[in-house]
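*Asks:* In the working numbering, the protein residues as written are 16 to 316. Every residue gets a Cβ at the ideal spot worked out from N, C-alpha and C, and that includes glycine. Given the structure is predicted, the values throughout are model-derived calculations rather than measurements.
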Amino acid sequence: MINKAAAKLRSQVADPNKFIVCPGVQDGLSARVCLQQGFKNLYMTGAGTAINLLGMPDLGLTTADDMVRNASMIASLDRTRPLIADADTGFGGPVMVARSVERYILAGVAGLHIEDQVTTKRCGHLLGKELVDIDTYVARIRAASATRERLESDLVLIARTDALQSLGFDESVKRLKAAVAAGADVVFLEGMKTLDEMTRIVDVMSPTPCLLNMVPGGVTPLIDGAKAKEIGFKIVIWPCFAMTAAYLAYQKAAQELKTTGAIREQPDGSGGVRELFELCGLSECADFDKKMGGKAFTDGV
Numbered sequence: 016m017i018n019k020a021a022a023k024l025r026s027q028v029a030d031p032n033k034f035i036v037c038p039g040v041q042d043g044l045s046a047r048v049c050l051q052q053g054f055k056n057l058y059m060t061g062a063g064t065a066i067n068l069l070g071m072p073d074l075g076l077t078t079a080d081d082m083v084r085n086a087s088m089i090a091s092l093d094r095t096r097p098l099i100a101d102a103d104t105g106f107g108g109p110v111m112v113a114r115s116v117e118r119y120i121l122a123g124v125a126g127l128h129i130e131d132q133v134t135t136k137r138c139g140h141l142l143g144k145e146l147v148d149i150d151t152y153v154a155r156i157r158a159a160s161a162t163r164e165r166l167e168s169d170l171v172l173i174a175r176t177d178a179l180q181s182l183g184f185d186e187s188v189k190r191l192k193a194a195v196a197a198g199a200d201v202v203f204l205e206g207m208k209t210l211d212e213m214t215r216i217v218d219v220m221s222p223t224p225c226l227l228n229m230v231p232g233g234v235t236p237l238i239d240g241a242k243a244k245e246i247g248f249k250i251v252i253w254p255c256f257a258m259t260a261a262y263l264a265y266q267k268a269a270q271e272l273k274t275t276g277a278i279r280e281q282p283d284g285s286g287g288v289r290e291l292f293e294l295c296g297l298s299e300c301a302d303f304d305k306k307m308g309g310k311a312f313t314d315g316v
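1. Residues in its own chain within less than 7 Å of V135 by CB, not counting five upstream and five downstream?
2. Classify T78 as helix, strand or coil using the three-state DSSP reduction.
3. What does T176 pair with, by DSSP beta-bridge criteria?
4. Determine whether the beta carbon atoms of F54 and A79 lie at a separation below 7 Å.
5. When you compare each of G232, L182, E117 to E164 by their alpha carbons, which one comes out closest?
6. For C49, does the three-state DSSP call read helix, strand or coil?
7. Please report how far the alpha carbon of L227 lies from the alpha carbon of K242, in whole angstroms.
8. How would you label Q132, buried or exposed, when you count the other beta carbons within 10 angstroms and need 16 or more for buried?
9. Got a sec? Which residues, its chain only, sit under 7 Å from T64 by beta carbon, not counting five neighbours each side?
10. Following the continuous alpha helix (DSSP H) through P109, name the residue where it begins and the one where it ends.
11. Can you tell me the Cα-Cα spacing of A197 and V153, whole angstroms?
12. Taking the alpha helix (DSSP H) that G61 falls in, what are its first and last residues?
13. Can you tell me which residues form a DSSP beta bridge with D101?
14. Do A257 and S91 have their C-beta atoms within less than 7 Å of each other?
15. Looking only at C-alpha atoms, which of M88, Y119, C295 sits nearest to L172?
16. The beta strand (DSSP E) spanning I156 covers which residue range?
17. I believe F203 touches A158 by the beta-carbon criterion, under 8 Å. Please report the beta-carbon distance rounded to the nearest angstrom.
18. Skipping 5 residues on each side, what residues in its chain have a beta carbon closer than 6 Å to that of P236?
19. Which partner residues does V40 have in the DSSP bridge list?
20. By the 10 Å Cβ neighbour count, where 16 or more other Cβ atoms means buried, how is A113 classified, buried or exposed?
Written out as structure tokens, the structure is:
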């Protein structure tokens, strides 16, 4: 499976001089803005997908169809910039994990992570998470790795564990090392509560690259990219940053419309509907139509 973005992500992970910062995106608009701002990689948030598509919390309510459809749309916006996507638990046993991973690969995803929660999972920064046993978890990773090999894909496989909350650090390390032995390329310890835990996981898992999850309002202390790089993390994701910004902006605009009956234009004229259309490719679509001999936009757009 030829996927330039997956090959690029694999190269980035292997390059000792590369440090990857991924903004979390949940829809086309957030992805377009992050691409416009020059981010080299994107991360599709599972929590954001649940909120954006379903209007529901991250409690394992999204299906494989929901997640693959959203990942496919985001990945299609720029095939040259790698997308890492949340794949939750893989959505079932090994056969279902294999099917899900194949669908992610065909969707153009460059990397994905699979975790060790039960199928009725929840956000990693909520309480009461339930886990499958280590054999079930490793079977998921093994199935994902085998699928990648069968399709001859460069997909970067990330093993996530949520064991820290209930089983502790040592058991989390045991699970991550077993996942690496089963084919994982990168490891992801969810729910760390201290800088010491961050440093320890990088040290104990070396030379396997580690991913850090930064969630404002979550249980993990927030650090900037420079500090994360200094500790030794390879990838940092910020899953909720765009979703939080969108929520606050929507809330402010809704309050203004409810209170005044109108929305004021920005003093500099920014944020109009045409600007949004241009961000999403208005001129490119019109130009392509013209070059191909189409006449749909001859009178302008």
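*Replies:* Here's the rundown:
1. Checking the sequence, you will find Thr at residue 135 rather than Val. Excluding sequence neighbours, T135 sits near G75.
2. coil
3. L204
4. no
5. E117
6. helix
7. 11 Å
8. buried
9. Q41, T77, D81, M82, N85
10. 109 to 121
11. 7 Å
12. 61 to 64
13. H128
14. no
15. Y119
16. Note, I156: premise wrong, no beta strand (DSSP E); alpha helix (DSSP H) at 149 to 165.
17. Not confirmed; about 18 Å, so no contact.
18. none
19. M59
20. buried
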